[in-house]
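In the order they appear, the protein sequences are chains A and B. Read left to right, the first sequence gives residues 5 to 192 (the numbering used here). Read left to right, the second sequence gives residues 5 to 192 (the numbering used here). Beta carbons are placed, not taken as given, at the ideal position from N, Cα and C, and that holds for glycine. So the structure is just underneath, and the comments pick up after that.
There are 2 protein chains.
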Amino acid sequence: MTSSLEAGIHSIAELSRGASDLLLHSTRQKPLAKGQVLLPEGQVCKTIWYVEKGYLRTFYNKDGKEINTRFSFENEFVTDLKSLRSGAPSAFWIQAGEAAVVWEFAKETLLDLYRQSAEIESFGRNLLEQMLVVQEDHANLFRIHSPTERYAYVARHFPQLLQRVSLSQLSSYLGMARETVSRIRKNR
Amino acid sequence: MTSSLEAGIHSIAELSRGASDLLLHSTRQKPLAKGQVLLPEGQVCKTIWYVEKGYLRTFYNKDGKEINTRFSFENEFVTDLKSLRSGAPSAFWIQAGEAAVVWEFAKETLLDLYRQSAEIESFGRNLLEQMLVVQEDHANLFRIHSPTERYAYVARHFPQLLQRVSLSQLSSYLGMARETVSRIRKNR
DNA sequence: ATCAACCTGTGACATAAATCACAAAATGAA
DNA sequence: TTCATTTTGTGATTTATGTCACAGGTTGAT
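Structure representation (structure tokens):
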């Protein structure tokens, strides 16, 4: 029972045995083939996923091109918070970038648990705060740095991203042309 | 008692009279002179502010230049969430951009209230979610749009920003040179 | 093993925005 | 009102990055 998920939950908030069990029993594991879609654009997001293995790719379509906004690797939680919260159709796709295993948390189930357990509501709050910080960092990545600096930043702070994600996919994530990434990579 | 603050709180979450009063009594009003600093870089952020009048400017120092990351106008909540949450020194300054009136919520007081009232914890969660969405939108502004497009986006969605914030301050917010903003402005 | 489909590297060229320099306009203090 | 200070506008020039075009490489299916 010392699962990756349990560790992931405890990295967000300290929970009592009881609260922890409530959460663990509200979720189920789901294996994913590479390319399998968890959330298509236009669908209302009703789930939070925890990545146990592989990675998920979040992207949207701009003029027919896929723009990646996030890669979620092992032990990360991911959702489309805006859609989840507002009930509006999602502007994003979420898809497995590799063969993957995720745990699914249904929004409605979580809301029920919040009502049952203050501890779990506190967990929910911590999870959101953490997502906020991740997002803030990523916003600043674009605000602060030029394309070349962004590559260096990611190489320094998220090296596995460069190893597991293809150059083309990376380029839209970094907000620059494929060719520019290729040239930056050459000069190192 | 139908204060701006009360309306601001209710725009985040529906609260019972009791919970609402608890929150309202945990805060105090603070008038600010133009330029007055609420949070200096390096200090741990322990407060969430609600802007009743005027606006607050959030910025950091990059190589001696001030880079604005946010302008918070009437009826908005603002803090440095990363510092608030982690207790790490803030990388940002928060300062009054005009003569202003704010309401201060001390972190410790809020945490006490969370323990006392599930409703207020729920309010806290909603507030964070809303901050997350605002941040996500702003991240996308940089990811999706070129400098020229960013100006157009802000003109369309946050017109008061162009009216109340000086061109120089705006330029760092939009991530472009002062001269570029001036030229864009000419061509409209 | 072969072949098609996709991914990556690289040159030539175009272009938006940055930088530099300075003039004009606006603001604010005495 | 006047003068100093700050902000904004604008031309000339430079530079980073994008776009286009195409040649190798890689990968995966049959």
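Beta bridge counterpart(s) of residue i as assigned by DSSP
i      : result
B:F63  : B:N72, B:W97
B:F109 : B:T31, B:I52
A:L195 : The requested residue 195 of chain A is not part of the displayed model; chain A covers only 5 to 192.
A:V82  : A:W53
Residue i - containing beta strand (DSSP E), residue span
i     : result
B:V41 : 41-43
Limits of the alpha helix (DSSP H) - the one that residue i falls within
i      : result
B:S172 : 171-178
A:R192 : That residue, A:R192, is in no alpha helix (DSSP H); it is neither H nor E in DSSP.
A:S126 : 122-148
B:Q167 : 163-168
A:A11  : 8-16
Sub-9 Å separation of residue i and residue j beta-carbons
i      : j      : result
A:F109 : A:I52  : yes
B:Y177 : B:T73  : yes
A:I16  : A:S24  : no
B:I124 : B:P151 : no
A:G140 : B:Q139 : According to the sequence provided, residue 140 of chain A is Glu. The question's Gly does not apply to it. Going by C-beta atoms, A:E140 is nearer than 9 Å to B:Q139.
A:L36  : A:A104 : yes
A:V169 : A:Y59  : yes
A:R192 : B:G179 : no
B:S7   : B:E56  : yes
B:L27  : B:L88  : no
A:S121 : A:L43  : no
B:F63  : B:I71  : yes
Local Cβ density within 10 Å of residue i, reported as buried at 16 or more and exposed below that
i      : result
A:S186 : exposed
A:R119 : exposed
A:R129 : buried
A:L171 : exposed
B:K86  : buried
B:E133 : buried
A:N144 : buried
B:M5   : A caution first: B:M5 carries a pLDDT of 47, below 50, which makes its placement in the model unreliable, though a value can still be read off. Label assigned to B:M5: exposed.
B:R21  : exposed
B:R154 : buried
A:V106 : buried
A:R160 : exposed
B:S90  : exposed
B:E18  : exposed
Heavy atom of the ligand NAP within 8 Å of residue i beta-carbon
i      : result
B:W107 : Only the bare structure without any ligand can be found here, which leaves the ligand NAP out of the picture.
| Can you find at least 3 beta carbon pairs, one from the stretch 20-32 of chain B and one from the stretch 110-117 of chain B, that sit closer than 8 Å? | yes
| message | Under 8 Å, with one C-beta from each stretch per pair, do the stretch 46-66 of chain B and the stretch 92-102 of chain B reach the 3-pair mark? | response | yes
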